[in-house]
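Single-structure report; data block below.
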Amino acid sequence: MGNGNTLLAVIEALAAALIIFLAYLIKYKHKVGIIAGYDEHTCRDKIGLANWVGGTLILTGIICLLLAILLIFLPNYTNLIMLVYGVTILIGSVTASIGGKKYQG
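Numbers 6 to 110, taken from our numbering, label the letters of the sequence shown in order.
The structure is reproduced here in structure tokens:
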């Protein structure tokens, strides 16, 4: 594996770790204030929102971390792995956002 792929895998893994860390804060520490668009006056269920958004982002982060590891072992598939990485982020973000709307009052 070339240095470019190694650097890319490290950057992917760090981004995934950041997503997992923020998701942990949301889901288990109930730090819903870090969710974009959160308004305590319109949120009906703070714990439910934290569980939904945090859980969705933890899953997204784990998938992204696995893709970073996969990039190390399958360097010939870099473009495909990066495409799947981007789609994973997109689907995870949209799922968290749309699902989070059910907790608005």
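Every residue gets a Cβ at the ideal spot worked out from N, C-alpha and C, and that includes glycine.
Please read these numbers as outputs of a predicted model, since none were measured by experiment.
- Within a 10 Å sphere around the beta-carbon of K32 sit 16 or more other beta-carbons, which makes this residue buried.
- In chain order, C69, L72, A73, L76 and Y90 place their CB closer than 7 Å to the CB of E17, counting only its own chain and leaving out the 5 sequence neighbours on each side.
- When C-beta atoms of the segment 23-43 are compared with those of the segment 76-88, fewer than three pairs fall below 8 Å, so the two segments do not count as touching.
- When the beta-carbon positions are compared, I103 and T65 stay at least 8 Å from each other.
- Just measuring C-alpha positions, the residue of H46, P80 and I67 sitting nearest G9 is P80.
- In the DSSP assignment, N8 falls within the alpha helix (DSSP H) that extends over N8 to K34.
- Closest by C-alpha distance to L30, out of A14, V58 and L19, is V58.
- Three or more pairs of CB atoms, one per stretch, sit closer than 8 Å, so the segment 48-58 contacts the segment 95-110.
- For C69, DSSP assigns no beta-bridge partner whatsoever.
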